[in-house]
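In this note's numbering, the protein residues as written are 790 to 1447.
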């Protein structure tokens, strides 16, 4: 019995050991390899001065090949050095530094080449071992600007260059941007002029030396240069110097009328009334009017990069939709540059930004961009109301608000790096701009209602942005700071007011500001006169150029379409969406007639009095399909309709300031 028991115990032990070895072998087999450790972290920035001044020369004379030749001399000490290419660009709110556009990077010391190694994780970082005894290194590379729009925004042409300094420099890791000093210079093609917020030290021909400045100021002070240039004085007085620096494809594009000049000066005056302060020595609207260089709108503290079509002055009626650009970017000097969300401020240009308060930074700026444009007369109150109606109507047909709260759209610049998305109305990529406008209209009318018309959001603007007049030092803010300032203007539960509109899912369009403003959203079957003028101008322009104007059928069939029949956007759950139309299609014909915007409008109007669907022929790749849309609602142009007997707060908001 004892022997038998021992045998059984021994057998069990053997089995257990065999199973254990098998499990161990299997576990080892399925566990697989371990990850290779990452390279050591790049030095975090500290608030201490970088020793010496970095010399930077950017040569733009090879503009026919759309490239800039860059030379830097960097003071160094022997040992390990990491140079960074700016990654997180202020105003882009995302890691969009165009690292793919640099080439020919070489590093030398006393004429001898030094090897560099790109960091395999942070590809914006370059590691260099500085030999003993070397006091400075020379860094050379080219910035290869896009030649076609497929590569990115065109920034250089034969007549104009938009130089963003962040695209043409490397800087040492481990320091705050405000603690790194640069001596920037610029070499221009013969006969070119330039404009910038930077101060000039000296100029000899096309070689311009700017005064030494810090890295953060340099990146915040772009240069526009070109052949055709005009500088216009918009200053309110000697203490508030503001200039419109206009560059055009040709001299005729610069022909501003006295009336147009007055309107632009009005915009600066209205901003001075609104904020009662400024935070610049002088402010420069760097303004390109071009059909060759891409349009742009990017804020800076003492200037802005602005760009619209070449006919901005010469066909004034055609530009209503984009006319708030200058007021928007100018507002950013206060909202976004002087005052900035705390989690959006970073020590240098490679530290990640966090965009949680963009519905203030961009949303309130969008609101006051519209307001200042109306108050100055650059757009009429009626035109402004039509554009606000279009925003509200777009949200009414955009179901993305059922799943994505506004707060999450502030992450979109990081999610997509500001590249286009396919289903805009469902993905709602950056609604913090336009929904932010509606929220701040809501807040403005609420303050006016609660205070009996004695207070408004303008009082918040003065309180929040009007502090420290003349100071350039950024003042950061938090959600709690915004709420506290609103309560200081008018007591109310602003925290709940904002949380409900920003953090919660809100399927219904936020139209309380419109309603409280004395209007309601409605629709007409005819466009307003200003929109007719815009569409006629765009159609005429298309006959003489490669541009393809877009016609908006979003509130009827549910898409926008270019003059060549290519769809640019299809609204989710719209009539077009429900029959399988997608944004990558071309519309070939409607009701047996080759596509044109006029013919499609006629088909929509005809369907109102018919039970027959609209017959479409669409092309997708090499596939051609017949699609019917059973739509009979007619053309629907959004507008704001006055509600009689209610306070007309919206028109009070849009009227010139007192």
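A virtual CB, placed ideally from N, CA and C, is assigned to each residue, including glycine. This structure is a prediction, so every number in the text was calculated from the model and none was measured.
Item, Value
"CA nearest to the CA of residue 954, picked from 1338, 848 and 822", "848"
"For residue 929 and residue 895, believed in contact at Cβ under 8 angstroms, the rounded distance", "5 angstroms"
"Backbone CA spacing between residue 832 and residue 1300 [nearest angstrom]", "48 angstroms"
"Beta carbon of residue 1179 nearer than 8 angstroms to that of residue 1364", "no"
"As assigned by DSSP and simplified to three states, the class of residue 1265", "strand"
"Enclosing alpha helix (DSSP H) for residue 1198 [first to last residue]", "1195 to 1198"
"Rounded straight-line distance, which links the Cα of residue 1358 to that of residue 1372", "5 angstroms"
"Candidates 1254, 828 and 1392, of which the one nearest residue 1150 by Cα", "1254"
"Residue burial classification, residue 1444 (beta-carbon count within 10 angstroms, cutoff 16)", "exposed"
"Secondary structure, beta strand (DSSP E): runs of 3+ residues fully inside the segment 925 to 970", "925 to 933 and 949 to 952"
"Own chain, CB closer than 7 angstroms to residue 909, minus 5 neighbours either side, in chain order", "828"
"Inter-residue Cα distance where the pair is residue 988 and residue 903", "34 angstroms"
"Assigned secondary structure, residue 1308 (DSSP; H/G/I helix, E/B strand, else coil)", "strand"
"Backbone CA spacing between residue 1279 and residue 1239 [nearest angstrom]", "7 angstroms"
"Spatial distance of residue 1409 from residue 1302 (CA atoms)", "42 angstroms"
"Coarse secondary structure for residue 1091, derived from DSSP in three states", "coil"
"Contacting residues, own chain, Cβ-Cβ under 6 angstroms from residue 791 (five flanking each side not counted)", "Note that residue 791 has pLDDT 43, beneath the 50 cutoff, so the model's placement of it is unreliable and no number is given."
"Secondary structure of residue 1391, DSSP reduced to three states", "helix"
"Three-state class that DSSP yields for residue 1015 in the structure shown", "strand"
"Chain-order list of residues whose beta-carbon lies under 7 angstroms from that of residue 1019 (same chain, five-residue window excluded)", "1035 and 1043"
"Element boundaries [alpha helix (DSSP H), containing residue 845]", "That residue, residue 845, is in no alpha helix (DSSP H); its beta strand (DSSP E) goes 842 to 848."
"Near the ligand GDP: residue 1299 beta-carbon under 7 angstroms from a heavy atom", "Although the ligand GDP was asked about, the structure shown includes no ligands whatsoever."
"Classification of residue 1439 by the beta-carbon crowding that lies within 10 angstroms, buried from 16 upward", "buried"
"Residue 1064 (DSSP reduced to helix, strand or coil)", "helix"
"Residue from 1107, 1210, 1186 and 858 with nearest C-alpha to residue 1318", "1107"
"8 angstroms contact criterion, which residue 1345 and residue 1424 should meet: CB distance rounded", "6 angstroms"
"Residue 1148 and residue 1199 closer than 8 angstroms at C-beta", "yes"
"Residue 974 to residue 1078 span [Cα, whole Å]", "25 angstroms"
"When 947, 931 and 1342 are compared against residue 959, the one with the closest alpha-carbon", "931"
"Backbone CA spacing between residue 1181 and residue 1037 [nearest angstrom]", "35 angstroms"
"Three or more C-beta pairs below 8 angstroms linking the segment 1055 to 1064 and the segment 1085 to 1096", "no"
"Among 1430, 1369, 956 and 1047, the one whose alpha carbon lies nearest that of residue 1012", "956"
"Alpha-carbon to alpha-carbon, residue 1003 and residue 1262", "13 angstroms"
"Own chain residues within Cβ distance below 6 angstroms of residue 810, not counting five before or after", "Because the pLDDT at residue 810 is just 47, under 50, the model does not fix this residue reliably, and the point stays unresolved."
"Rounded separation between residue 1185 and residue 1421 - CA only", "19 angstroms"
"For residue 1181, the three-state DSSP class (helix, strand or coil)", "helix"
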